[in-house]
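Shown next, in structure tokens, is the structure this report addresses.
Numbering (the working numbering), first residue to last: 281 to 370.
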């Protein structure tokens, strides 16, 4: 079953497991407790303040659009978490 935002979560998990600190990996690290609560196996990481690092990475790429891109990523993740919380257990 494919949930809204699952591609972002899959990408972030793969990046975290490979040690790549991409925007999707930092998003997953920042929301790890919420994701674990809905059954996602998020690896333990020590990336510090993942929310801050995510925003800093987005701002480094393009400061003018960082806020909007950050909010869009968070909305997609929230959509995934809400859907996963209501999905029947496999």
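Beta carbons are placed, not taken as given, at the ideal position from N, Cα and C, and that holds for glycine. Here the structure is a predicted model, which means the values were calculated and not measured.
Using beta-carbon positions only, say whether residue i and residue j come within less than 8 Å of one another.
{"i": "residue 292", "j": "residue 308", "result": "yes"}
{"i": "residue 306", "j": "residue 343", "result": "no"}
{"i": "residue 347", "j": "residue 334", "result": "no"}
{"i": "residue 357", "j": "residue 317", "result": "no"}
{"i": "residue 352", "j": "residue 283", "result": "no"}
{"i": "residue 301", "j": "residue 323", "result": "no"}
{"i": "residue 289", "j": "residue 320", "result": "yes"}
{"i": "residue 338", "j": "residue 298", "result": "no"}
{"i": "residue 314", "j": "residue 354", "result": "no"}
Does DSSP put residue i in a helix, in a strand, or in coil?
{"i": "residue 328", "result": "coil"}
{"i": "residue 318", "result": "coil"}
{"i": "residue 300", "result": "coil"}
{"i": "residue 342", "result": "coil"}
{"i": "residue 313", "result": "helix"}
{"i": "residue 306", "result": "helix"}
{"i": "residue 283", "result": "coil"}
{"i": "residue 336", "result": "helix"}
Compare the C-alpha of residue i against each of the options and name the closest.
{"i": "residue 325", "options": "364, 363 and 294", "result": "294"}
If you draw a straight line from the C-alpha of residue i to the C-alpha of residue j, how long is it?
{"i": "residue 341", "j": "residue 364", "result": "30 Å"}
{"i": "residue 332", "j": "residue 345", "result": "16 Å"}
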